[in-house]
Every structure is written in C-alpha cells, then in structure tokens.
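Reading through the structure tokens given below for one structure.
Protein chains in written order, with the working numbering: chain A, 1 to 138; chain B, 139 to 276; chain C, 277 to 414.
Spelled out as structure tokens, the structure:
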C-alpha cells in the first residue's frame, strides 16, 4: 500500500525551523498503514528535512553552525553567475539533505523522545514550502 | 511486502563505531524479500547510521573530523539551556543523518566491497542503541 | 510493486558531477509505477547522490567547499594505513551521503524547478560508477 499527500507552510527566511512531526503523524493516520516507512521530501533545493531535537537552543545553534562552516560571505561561483545571494543556501541544503525517511510501527512514526521531524529553511528570504509525505507498507 | 524488526546494542560513547551490515543482512534474510530496499533507523537524535568503509583508520578519522568541524568546546545555546554537555552530539548526528536506505537484490543488500552499514555514536557517554530495520519489496 | 534497475557511467575524478535526473525518470517510466518513491544508490563508498541545482557555478562551489572543510592534505589515519590518497574522499562521501530518495507522483519524480538528482564523484581518480534505482509504489 502507498499513500501520498502534500502540505505547505510559510517560512520566515534563513534558519527558520518548523516541527513537522504532527503533520507526518496525521498523514500516517490517514494512510491507515500500520507498518512501513514514511518519506518526507522538500520540493526545492534550498530547504532541509532532518531529525533533530526541536528546542530553542538547537534552533539557534544549527543555523549558526551551517553559516559558520558554509558562510554567506564567501565568493561563490553560483553568486557570480546568478547574483541572487543564496549560493550558501544551496550548498547548505544539498549537504544537510532535502528529505528524511522514518519507520512506521503501529500506525505511528518511530522516534526518540527528543527526536522530531523538522524543516529548516536555508534560503535567504521567506518561502512557501511544499512537502510531500509518502507512506508505504501495510 | 513489508518486514520490520528491531535490534539493540551497547556503544562506548562518542566516536564509537559498529559495523551493523550483518544485522541488516539477517533481517533481509528473515524477510524473504528478494528485491526492494532496507531502511535502517537510529531511534534517538544523537546516533548516526551511514555507509562507510569500516576500517581502523577511518574509525579514528571520522570522529576527529566531526569534532574538528563541530567541536565540543564551542559555546552552544543548547548547552546554556540544558547543561548536558552534548550540544555538539545533536548537531553532528542531525547533520550526518540518523538513517540510511540501501537497495536489496537477490535477498541481499547491494553494497560495494568497501562499503559497510555503520552506526556511529555521537553522544558523549555509552548508550544502549535501538535500531529499526524495515525491509520492503517482493 | 517494486521495480529495480542499474545503470553505469564514467566519472572524471574528484568533483565531477553528473545530472542523473533523466536516468531516474526513465526508470520510473519503465516501472509503470504512478505513486510512490524512487531510491537512488551509489554502489561504493566514495560516490555521492544528492539533490542540488545542476548549474556550472555550484558545480565548482560544491567540490571547493568539501575540499575546504575536509581537505585532501590533512594527515589521516586511513592514509597512513592504506596509502591510496583518498581518505578525504571516504569522509566526504560518507558525510554527504551515497543515496537519495525522491517521491514519485503521476509516474514522475517530484522535484523543484532547480532541483536535480546529481551524482558527485569524491574519489581522486576516474571511476566507473554503478547506480541502483529502486522504484516502489503502485
């Protein structure tokens, strides 16, 4: 069995993080699938989906970390060609990853207590984000 | 068809690496699935599952690398709030990734000769780790 | 339903990038699967599959970035043991990831306009790369 749905939300620009765990839980519930996997995908190359503890400290630490290692201020070839100011956004999101798969057991995602499914905006301006959740199993 | 099982093991703290390829092979064999995928997931946000050559050199290099780029010694907001000394563990494991999917062909995972399925402990103390393997296909 | 196929191509050595989106589209078309996921896997531990905008600027920026953060010139334990000059290749590819899953809708991969499925060579010499595409769904 396969069940797929989309949802969307607004982000506030670089570093904005959204806990999307409940959205994924709802999609799994609607699928009626008890055992399998749920795949969550960000449509677009500058948004990230990952597993992290969703708490206010890490919500500052993660954007700071990626801007320290992949800084907006470097001279990028992408910037030289396109002048849209978001070369670092592309590099950050491609490295961190635009998708995540979690197991489904008894109709729910299997997660640790401090492990949430989170969207991280890497683009430099507010975006409408479209996510695709695909639940497979039986 | 879907087959799911859990297994657990003890880790020795930060940087400890375990080759879990044979555990995944066994799960696939028990599933009787010949063609599809196997998804391996670390329950908890400070443990990593990845593909790497499991040999003693890289077993030192990878923990050194992640501690160089995401050092324990920085001032993290997570640490300021929670004082559990593992902010870097969260950031490392969220970036490296807590899950991996590999293809299954003829009832076995498809891997290169020097490509193993490996668990990396990013937390600072020994942990009991719970992994979920989900095999899907036919 | 599950459909699996392999394809291969030659790379030119470190930093060489190939847009493999059309290969994945063709596999999905051959599978006749309309809704589900496609999983793309690099057999071998020094090649990467990721989502990125495939354009000439980022094709220089990404290899430069990973060589800046995980440089070929450091003293690695892997190098000391094996002397094959590619310790950084292993570390880069294990961190960036050797596989990607994308959703399939109406018989096509769901991707943003500037989001392609791309292979990145991290090994230091030209390689023949074998990729496995597994399409699952209905």
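Beta carbons are placed, not taken as given, at the ideal position from N, Cα and C, and that holds for glycine.
Residue 158 of chain B and residue 362 of chain C have their C-alpha atoms some 24 Å from each other. Counting along the chain, the unbroken alpha helix (DSSP H) around residue 304 of chain C starts and ends at 297–307.
Burial of residue 231 of chain B is indicated by the presence of at least 16 other C-beta atoms within 10 angstroms of its C-beta. Residue 45 of chain A places its beta carbon 8 Å or farther from that of residue 291 of chain C. Residues of the same chain with a CB within less than 7 Å of the CB of residue 100 of chain A, apart from the 5 flanking positions on each side, are 40, 49, 50, 51, 117 in chain order. Judged by DSSP in its simplified three-state form, residue 346 of chain C adopts coil rather than helix or strand. Runs of the alpha helix (DSSP H) lying entirely within the region 313–369 of chain C and spanning at least 4 residues, in chain order: 332–345, 353–358. Shortest Cα-Cα distance from residue 144 of chain B to any of B:268, B:221, B:220 involves B:268. For residue 216 of chain B, the closest Cβ of chain A is nearer than 8 Å. Here residue 379 of chain C really is in contact with residue 134 of chain A; their C-beta atoms are around 5 Å apart, less than 8 Å.
Proximity to residue 91 of chain A across A:106, A:67, A:80, A:111 peaks at A:67, based on C-alpha coordinates.
Annotation: Cβ neighbours of residue 274 of chain B in chain C (cutoff 7 Å, chain order): 412.
Taking 8 Å as the cut-off between beta carbons, the residues of the region 34–52 of chain A near chain B are 35, 36, 37, 50, 51, 52, in sequence order. Taking 8 Å as the upper bound on Cβ-Cβ separation, chain C lies near no residue of the region 12–25 of chain A.
With the criterion set as a beta carbon lying under 7 Å from some beta carbon of chain B, the members of the region 360–374 of chain C are 363, 366, 367, 370, 371, 373, 374, in sequence order. Less than 8 Å divides the Cβ of residue 396 of chain C from the Cβ of residue 338 of chain C. Close to residue 280 of chain C, with beta-carbon spacing below 7 Å, are these residues of chain B in chain order: 173, 241, 243. For residue 257 of chain B, the enclosing beta strand (DSSP E) starts and ends at 254–259.
Residue range 404–413 is occupied by the beta strand (DSSP E) that includes residue 410 of chain C. Within its own chain, the residues whose Cβ lies closer than 7 Å to the Cβ of residue 398 of chain C, once the five positions on either side in sequence are excluded, are 290, 322, 323, 324, 365, 368, 369, listed in chain order.
DSSP places residue 100 of chain A within a strand segment (E or B) once states are collapsed to three. Taking all protein chains shown into account, residue 191 of chain B has 16 or more neighbouring C-beta atoms within 10 Å of its C-beta and is therefore buried. Contact check for residue 198 of chain B against residue 353 of chain C passes: the beta carbons are separated by less than 8 Å.
Taking all protein chains in view, the Cβ of residue 314 of chain C is crowded by 16 or more other Cβ atoms within 10 Å, so the residue is classified as buried.
Contact of residue 60 of chain A with chain B is assigned, a C-beta pair being separated by under 8 Å.
Among the bridge pairs identified by DSSP, residue 152 of chain B is matched with none. Under DSSP, residue 381 of chain C shares a beta bridge with C:384. Around the CB of residue 31 of chain A, 16 or more other CB atoms lie within 10 Å, so the residue is classed as buried. Proximity of residue 203 of chain B to chain C, defined by a Cβ-Cβ separation below 8 Å, is satisfied.
The beta-bridge partner set that DSSP reports for residue 280 of chain C consists of C:410.
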